[in-house]
Every structure is written in structure tokens, then in C-alpha cells.
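>
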Ligand SMILES: Nc1nc2c(ncn2[C@@H]2O[C@H](COP(=O)(O)OP(=O)(O)O)[C@@H](O)[C@H]2O)c(=O)[nH]1
Ligand SMILES: [Mg+2]
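Below you can see the structure in the form of C-alpha cells.
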């Protein structure tokens with residue numbers, strides 16, 4: 020998995036060859052580098068403490084053990100698999116402006132289309148006309164249907180129509196794009212609650228993933244915002260975007276701890292194919308290369 024396209028060596032790579040065993044010098048250096056890689060202080064301390072008990076390990080064993088420790092820390096947050104078993108199933112994308120919601124929808128649309136699924140995009144970001152246009156381009160490019168209203172329309176009405184269209188046209192997956200106006204947090208949360216209520220009323224029994232999109236390049240800072248978001252909007256999973264643009268992928272490991280929600284997908288570029296299902300082990304191993 021090409022997680023760190025440009026930087027073949029992560030922040031941690033050289034460490035394991037430079038130190039031949041687990042001693043305090045190694046552990047100090049490791050803690051520092053984990054923090055630099057944006058795992059957050061708590062994750063770094065916990066990993067180092069767990070490794071301190073493994074003094075007998077050498078070379079690649081240390082690397083493998085550390086990966087295992089990091090992965091175990093993530094598993095508490097739940098399964099990374101998308102739960103979309105019903106027809107139709109719904110995905111609602113939430114998150115602040117610019118994190119990559121609309122782009123991720125384009126990628127998901129291609130992904131599901133390639134599996135032979137009928138995808139319906141729902142332009143519930145009615146805040147800017149450009150938002151629906153951007154989604155329209157993705158719909159065209161990936162062969163998906165789209166339901167959109169005019170600028171300034173009621174997002175709830177678009178979702179309502181999209182649910183009706185999904186039933187009428189036999190869509191497999193409905194993907195809802197939303198606006199990310201965090202400056203008016205209470206309104207935003209109320210709106211998201213309203214949208215999920217409309218979905219459960221109009222498509223009773225449909226599986227619904229509420230995916231919070233986070234930009235990996237904002238690291239620990241982004242997490243503070245996300246915490247409020249996740250608490251208020253019933254988020255079921257995280258999409259971590261722009262991992263290609265940072266060597267600090269370690270933020271993945273503090274997301275589970277901070278938000279209590281599993282990372283389900285990662286974005287590794289601007290292209291339509293640059294989306295990966297999240298695999299904690301694969302990710303940890305790539306980060307420790
Ligand atoms: N490098 C990189 N850029 C991304 C990724 N995902 C989205 N972007 C870019 O981030 C910018 C904002 O994306 P957009 O989908 O419009 O964000 P939204 O406001 O949340 O809908 C665009 O320039 C995207 O091309 C990613 O995984 N990697
Ligand atoms: Mg958008």
C-alpha cells in the first residue's frame with residue numbers, strides 16, 4: 020500500500036537499524052519520533068511502556084512488536100469494515116470545509132460502480148452552488164446518478180428526494196454530501212441530526228454509515244475539532260484523507276483513542292482511485308518501515 024508516496028522512509032524507519040536492542044536510549048528516541056509522527060503523547064507513552072517490558076527482543080522483532088502494540092490500541096474502537104448490507108444503504112459524509120468530503124465521495128462512487136453497484140449521489144451541501152457542481156462532475160465521471168437542488172435550498176429536502184429516487188430507481192448505495200460549516204456548530208449538528216432522521220424515516224432499516232472526514236495534515240489539531248463533531252453527530256467511522264501529503268500518519272493511532280470511532284478508509288491522493296480500506300496492521304507496518 021503506497022501510503023507515503025514521496026517519503027519512502029518514514030520518521031521511524033532508521034531507528035530500528037540504528038539501535039540493536041530495546042534499551043532506555045532507544046525507548047527515549049522512539050517516544051520522541053512517535054510524537055513527531057503525530058501519534059499523540061498518550062499513544063507514544065503507552066507504546067513505549069509496553070515495549071519496555073520486551074527487553075529481550077532484537078532487530079525486526081522490535082518492529083513487529085511495536086506494530087502489534089499500535090494495532091491493539093486501535094482495535095478497541097471497533098471494526099474498520101463498512102457496514103452496508105441493505106439495498107439501498109446510505110453513507111453520509113460529514114466534516115469541516117476542505118477536508119476532502121466531496122473528493123472522497125467521488126472515489127467511493129467509482130469504487131462501488133466498479134463492483135457493479137448502482138450509486139446515487141445526493142448534493143446536500145447546498146451552501147455553495149460550486150459544491151453541487153463539483154459533485155455533478157464526480158457523478159458524470161463515475162457513472163452515478165445525482166439528486167441536486169438549487170443553491171441555498173434545504174439540505175433535508177435534497178436528502179428526502181434522494182431517498183425517494185433511491186427507492187424508485189433501485190439504487191444500491193446513496194452517498195450524501197454535506198456542508199461543513201463549523202463556525203455555527205449547533206446549527207450544523209442540528210442539521211446533521213435532521214438529515215439522519217430523514218434517512219431513517221424514508222429508508223427504514225437501511226444501513227447508514229456516518230463518516231467523519233479528517234485531513235491527516237492537520238494532525239492533532241484537527242482531532243480537537245473532530246472530537247466535538249463526533250460526539251454530536253453519531254459518527255460511525257472516520258475517513259482520513261491526504262495521507263500522501265504527510266509523513267505524520269501516526270495521527271491514525273490517536274484517532275481511535277480520542278474519538279472512540281474506527282478509521283474505515285484512508286485517502287492517499289487527489290485521484291479517483293486514491294482511496295484504501297483501512298488496515299491497521301498494514302498501516303502500522305508501513306509507518307515503521
Ligand atoms: N493530496 C490529497 N488531496 C486530497 C485528498 N482528498 C481530497 N484532497 C483535496 O483536498 C481539496 C478539498 O477537497 P474537497 O473534496 O473539495 O473537500 P470538502 O470541502 O470537504 O468537500 C481538493 O483540492 C482535493 O483534491 C487526498 O487524499 N490527498
Ligand atoms: Mg465539498
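Numbering (this note's numbering), first residue to last: 20 to 308. We treat Cβ as the ideally placed atom computed from N, Cα and C, and that holds for glycine.
Compute every distance between the C-beta of residue 60 and the non-hydrogen atoms of ligand 1, then say whether any falls below 8 Å.
no
> Roughly how many angstroms separate the alpha carbons of residue 21 and residue 262, rounded to a whole number?
Note that residue 21 scores a pLDDT of 46, beneath 50, so its modelled location is shaky; the value from the coordinates is reported in the next line. Distance between the alpha carbons of residue 21 and residue 262: 10 Å.
> Taking Cβ positions, are residue 181 and residue 143 nearer each other than 9 Å?
yes
> In its own chain, which residues sit with a C-beta less than 6 Å from the C-beta of residue 27, not counting the 5 before and 5 after it?
Residue placement at residue 27 is poorly supported in this model, since its pLDDT is 45, which falls under 50; the coordinates still yield a value, given next. Nothing listed; no residue qualifies.
> Using the beta-carbon count (16 or more within 10 Å), is residue 167 buried or exposed?
buried
> From the DSSP secondary-structure annotation, give me the bridge partner or partners of residue 112.
Answer by DSSP bridge pairing, in chain order: 230.
> Can you name the residues that DSSP bridges to residue 296?
284
> Got a sec, what are the start and stop residues for the beta strand (DSSP E) residue 105 sits in?
Here residue 105 belongs to no beta strand (DSSP E), and DSSP marks it neither H nor E.
> Return the bridge partner residues of residue 260 from the DSSP annotation.
234
> Check for me: the beta strand (DSSP E) holding residue 277 runs from which residue to which?
Looking at the DSSP string, residue 277 is not in any beta strand (DSSP E); the run it does join, the alpha helix (DSSP H), is 270-278.
> Measure the CB-CB distance between residue 271 and residue 248 and report whether it falls below 9 Å.
no
> Please report the Cβ distance between residue 306 and residue 264, rounded to the nearest whole angstrom; I am assuming they are in contact, meaning their Cβ atoms lie under 8 Å.
Residue 306 to residue 264, Cβ: 15 Å. No contact.
> Take the Cβ of residue 98 as the centre, count every other Cβ of all protein chains shown within 10 Å, and call the residue buried at 16 or more, exposed below.
exposed
> Assign residue 232 to buried or exposed, taking buried as 16 or more other Cβ atoms, counted over all protein chains shown, within 10 Å of its Cβ.
buried
> What residues in its chain sit with their C-beta under 8 Å from that of residue 62, if we drop five residues either side in the sequence?
53, 89, 92, 269, 272, 273 and 276
> Nearest to residue 242 by CA position, among 255, 57, 73 and 170, is which residue?
57
> Please state whether DSSP places residue 40 in a helix, a strand or coil.
strand
> Hey, how far is the Cα of residue 178 from the Cα of residue 267?
36 Å
> Using a threshold of 9 Å, state whether the C-beta atoms of residue 217 and residue 286 are closer than that.
Not closer than 9 Å, so no.
> In angstroms, rounded to a whole number, what distance separates the CA positions of residue 195 and residue 161?
C-alpha of residue 195 to C-alpha of residue 161: approximately 15 Å in a straight line.
> Identify the residues that DSSP records as bridge partners of residue 139: which are they?
164 and 193
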